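Residue -14 is where the sequence shown starts when you use this note's numbering, and the numbers rise one by one after that.
A virtual CB, placed ideally from N, CA and C, is assigned to each residue, including glycine.
Just so we're clear, the structure is a prediction, and the values are computed from it rather than from any experiment.
Single-structure report; data block below.
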Amino acid sequence: MLNIVLVEPEIPQNAGNIARTCAVTGSRLHLIEPMGFRPTEKNLKRAGCNYWNDVDIVRWPCVEAFLEVHGADELHLFTGGAPRLYTEVAYGSEAFLLFGRESRGLDPTLIERFADACVRIPMRPELDSLNVSNAAAIAAYEALRQQGFPGLS
-14 MLNIVLVEPE
-4 IPQNAGNIAR
6 TCAVTGSRLH
16 LIEPMGFRPT
26 EKNLKRAGCN
36 YWNDVDIVRW
46 PCVEAFLEVH
56 GADELHLFTG
66 GAPRLYTEVA
76 YGSEAFLLFG
86 RESRGLDPTL
96 IERFADACVR
106 IPMRPELDSL
116 NVSNAAAIAA
126 YEALRQQGFP
136 GLS
């Protein structure tokens, strides 16, 4: 199962959109705290996510707790400064796609620690970044395309 990991997400609407992507692709969603919102049913419905109950969600108290369990697994960190494009790597069936906070992305220490696992989505250099929910969808569908879209019709 593909894994989408949100490291300290700040905006419930983005988490809701990513949860919808997870629901329709059969991917697991990992939420790493602290988060900029409480994932209550009310907040998530307001974020437009009617699929929340259809998503396998794993919550983590901090990034180090996540890495204690999954640090040796297949990680792909999405960050604008990476030299490799997201299309230049192979994604295994249980890959973890990591995305950082909306306001500042992944922590530099995490990027440095996993430098060989960093990838980027190309965009015009004068623009800052994609919305994280768009980036997660792009990444998830590339990984699933490489796997032959398992379980999807």
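- C-alpha of C7 to C-alpha of S118: approximately 11 Å in a straight line.
- Contact between the region 100 to 108 and the region 43 to 56 is absent: fewer than 3 CB-CB pairs across the two stretches fall below 8 Å.
- With respect to the 9 Å criterion, F63 and V104 are classified as neighbours on the basis of their beta carbons.
- Proximity to A124 across L83, L91, A4 peaks at L83, based on C-alpha coordinates.
- Under the three-state reduction of DSSP output, R69 falls in the coil class, being neither helix nor strand.
- Counting C-beta pairs with one atom in each stretch, the region 105 to 115 and the region 56 to 75 have three or more that are closer than 8 Å, which means they touch.
- Judged by DSSP in its simplified three-state form, D39 adopts helix.
- Taking C-beta atoms under 8 Å as the contact rule, G85 and E59 fail to qualify, at a distance of about 18 Å.
- The C-alpha of N38 is placed about 25 Å away from the C-alpha of E127.
- DSSP links N(-12) through a beta bridge to R13, F81.
- Taking S88 as reference, the option from F81, A80, D113, T94 with the minimal CA-CA separation is D113.
- In terms of CA proximity to A57, A80 leads the group I42, A80, D41, E111.
- Judged by DSSP in its simplified three-state form, R109 adopts coil rather than helix or strand.
- Judged by DSSP in its simplified three-state form, G90 adopts strand.
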